[in-house]
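Everything below concerns the one structure shown next.
Residue numbers (the numbering used here): 1 to 1194.
Structure (structure tokens):
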């Protein structure tokens, strides 16, 4: 790059010749520019691009690298006076399109495609499948694996059962299956993982005593220091103890004994993972697909062949690796294989390694940094002639490191603050590696970085996030319009030299960014608060894409085009701004009382009642019909864009607050449609199904569209990871005092240790920690601390001119960034009253600004006519806030099961508030409708194993009932019990001595009528049903049957509000045996979920529906009728903890029983005998547990 003045270290990095070069490039040091210049210099020295491999970290950085090289080559063509140089530049510009510049996965795919014939496991026509479909395959494989182990006849069956007894929750295996899949994913981050895992299994089996374990751990070089610390800690505790030496030896044995027990299970789990790996490999091969992890492993398998590795070693003379600090073990293995005869040029900064969750191993960078010779020492050891040859620094066969510490991004006062904070507090951060000013700053530019801290000692219950948001708003308002200087270079037209320039600018919203470790949830709330205070702000990327209002409404439109009988989507669409039906209009239509709302609309049109409403319905229906035709005629992306334009919804979204973000979200739907079609899919139905699968998958994050760079004058809210590699005039770091979360699991994996399990102790409720679990926890905690410190460094070094750190005093002394690195610069403290005053001041300023705008419009220069009505109309539209926001966040319908689940989880308690909106007809809320129903539990009739495809016919999944062998799930088995109890004649079943014959005849008849199968009958225990009919509860139900007052499997539906007590936790009473004395209640469980204040919830009606197993009516001595509500449960109970398990079962279904109780209260089953007028009927609630023959009473 002609005219650029490189500093000494940059110049060496550009021109050096050595075996391998490691460039430690600090933030803002110009590493990309140095890499590009080195490529250009190599090209001029006779090394074409085809002899270079340039590996980047992401697709975006690949595109940027190509763009910069292209720009440099074009510049060379334009400015070089040498015809030969121009010829070389032109040739290489043409070759750039096919140059090996890509990320690791991209280059690995090239290797696979080139040497495909050497991979017998890869089918012709394979494709890289998306994560959703790969997850579906892995789910089928793990189910098949469990089935095989359950039905095996060898010793592994018992080992499998023992493993499940120890580590499953005793009720379902879903969690344990997910753990095995996750463990398999972790293991696959290791090169040649199959061999590594087999060695681990052999090592575990070879450890028989304390000495073996001690030797094993001391032999692991990378973890030895952690092990020594653990032993030292144990010895220290023993020394402080007053016990005898023998007792202290017992204490040491207690440290090792749980580990020795857990190792046996760990070895078995690793075997299980290898079995899963083999089945998973075969399943993917059969489907003709590979996943992203396969790409690296297939490439490594090829590179393990000497001929393939030698091919690439000879092909590439120079290999460049960008962001080397984020290299994984797999990628490092990959690099080593292809660089045996090449010169490596690795660029990175260990202080910016923040991608541990992507398997980055910064220690790889650190090991080379420690091993390579500093360039200064290498130059001192060379003579002058060897040092410089034709402008190049020749280090022969040495491997050298070069430190680029000059920062060209930030002002000196920011660099000083960063250095003062990290010096001698971050490993390796010393005078040599600390940031140095790369260019002098204007003398009059000084905005000292400041830590803003809120003390809440006198206001412990204050909302800390709200306080932080207001303080951020205050900082933004104070700095808006501040002057700062932008340094740059302009080319001197006479000399062609780059001349430094300094231009004065004023700070705008678009110049500011708010950074946090995580923005999901927090970022959305912060953006809402800032917008509320008159500050335009948006979250650059967040994982609640499907909750954005513009996405929810548009998906309702698509769903209605696909199926007009989809009532919820139809009502939401009609009430949206697209069609604008009012509540009164919708209520008129609903009065037609058809099965679906669309049928109501048809009936209303036929009625001829209100012509303007009829015309509105016809316009709507005509447009939807036209859209249905377009959905068939146009490609999916064209169709979506057509809908956005014809409904004007794209423009409406743009007119909302943060309109550019909303429009980008809608554009993102079109991008997803393009991607969907590029994979060979067609049709709106499949597209909606794909979106729904993404939406419900908890492990997949669907980010909102990133609109950075679109020019919106708004404050950006982003994660620190998102900001890496970027720079901003002003940075505000939030959450400086926020708690740092720690992860803790019953088992964990580390590539240098293996699988660590907590040891199961039958005498304790919780498992015991082992040496291995403690070791891995210590290692991971240390890694998390180091990465948190590096993330803080990344955040602070994004700032060019203004830097502010914000924190609020936590409730407790949690570990946080502030406890790790206490701020040692300028600080400003506040109390809660200060923040409240700031909020009031900001609100008043915002209101005054809006009023001032109106006054200027009325009285300003050039305004001849001011139309008050027009002004008010425009203002009303632009400032419109949907008045029923809370209503839009409540689901229109809940099942008893949903309500029960919400009551049993703290964080997920109000998850229903995020569901799509709907209109509820606010009719009678006290009448309950009961209809006859079959079994309330449905079973999965189809699984993923396919039958053989017939010629010319589509391939369909094989129904489960056609299979010779079926896996009985707990839900399926429970439904069988319910079927039999539903079909039973209770009066016949309770007759003394006749129950056995009656039950045998009943099930035989059910088999004959194909209600159940003979195989299904084998899955249940008729003795349990017999025990039930021998008990007092069955006799009471039989008596009610004789009076015609026993009701089984009754479906109900009623209306209530979100303030109903069914959405709140309550407390319980007791349980009793079927024919046994009442057992004492051991404890009352406190509420698990706190309901928001009633004032926060709207009084909208919601529908509740469900099916009651059974209820009957009895009379007391006074002749008053009351209900007895019965729910049958088949949950697994651990007999060792019977009383606590029954208490757990009782609390688990408390919400469900309360929902059933409400349904009965609203019903008319009691008729005139329900008691005194105005009183609610009495209801006795019983859960009958089939396994223990116990009645649990509330």
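From the three backbone atoms N, C-alpha and C, an ideal C-beta is built for every residue, glycine too.
As the structure is a prediction and not an experimental result, all values here were calculated from the model.
According to DSSP, residues forming a beta bridge with residue i
i	result
residue 757	747
residue 1185	1129, 1190
residue 374	401
residue 773	None; residue 773 has no bridge partner.
residue 768	759
residue 843	BP columns for residue 843 are empty, so no partner.
residue 1162	Looking at the DSSP assignment, residue 1162 forms no beta bridge with any residue, so it has no partner.
residue 368	According to DSSP, residue 368 bridges with nothing at all.
residue 1047	1111
residue 268	Beta-bridge pairing links residue 268 to no other residue.
Where residue i falls: helix, strand or coil (DSSP)
i	result
residue 210	helix
residue 1211	Only positions 1 to 1194 of the chain appear in this structure, which leaves residue 1211 out of reach.
residue 596	coil
residue 1054	strand
residue 316	coil
residue 1011	coil
residue 168	coil
residue 258	helix
residue 895	strand
residue 107	helix
residue 145	helix
residue 480	coil
residue 1106	strand
residue 729	strand
residue 244	Residue confidence is low: residue 244 scores 48 on pLDDT, short of 50, so the model does not pin down where it sits. No coordinate-derived value is stated.
residue 1067	Reliability fails at residue 1067, whose pLDDT of 43 lies under 50, so the model's placement of it is uncertain and the value that follows must be treated cautiously. Three-state DSSP puts residue 1067 in coil, outside helix and strand.
residue 1117	coil
residue 517	coil
residue 1037	helix
Assigned exposure category for residue i - 16 Cβ within 10 Å defines buried
i	result
residue 15	buried
residue 5	exposed
residue 284	buried
residue 307	exposed
residue 92	buried
residue 1041	buried
residue 774	buried
Cβ distance (whole Å) where residue i is taken to contact residue j below 8 Å
i	j	result
residue 24	residue 349	6 Å
residue 637	residue 587	About 38 Å; that fails the 8 Å criterion.
residue 455	residue 809	5 Å
residue 1104	residue 1054	6 Å
residue 663	residue 654	5 Å
residue 979	residue 1011	7 Å
residue 342	residue 319	5 Å
residue 1061	residue 1154	7 Å
residue 797	residue 410	7 Å
residue 1232	residue 1026	Because the chain in this structure spans residues 1 to 1194, residue 1232 falls outside the shown range and cannot be described.
residue 1156	residue 1125	6 Å
residue 214	residue 206	Not confirmed; about 13 Å, so no contact.
Handout entry: Secondary structure, beta strand (DSSP E): runs of 3+ residues fully inside the segment 438-477
Key = 450-455
Exercise for the section: Let me know the beta strand (DSSP E) ranges lying completely inside the segment 273-360, each 3 residues or longer, listed in chain order. Expected result: 318-321, 343-348
Problem - Minimum length 4: unbroken alpha helix (DSSP H) runs contained in the segment 629-678 - result: 636-646, 649-655, 659-678
Handout entry: alpha helix (DSSP H) runs wholly inside the segment 181-225, at least 4 long, in chain order
Key = 193-206, 210-218
Handout entry: Entirely enclosed alpha helix (DSSP H) segments - the segment 775-834, minimum 4 residues
Key = 817-820
Handout entry: Secondary structure, beta strand (DSSP E): runs of 3+ residues fully inside the segment 535-568
Key = 537-539
Exercise for the section: Report the residue ranges of all alpha helix (DSSP H) runs contained in full by the segment 978-1011; include only those spanning at least 4 residues, in chain order. Expected result: 986-989, 995-1008
Exercise for the section: Could you tell me which uninterrupted alpha helix (DSSP H) segments, each at least 4 residues in length, are contained entirely in the segment 15-40, listed from first to last along the chain? Expected result: none
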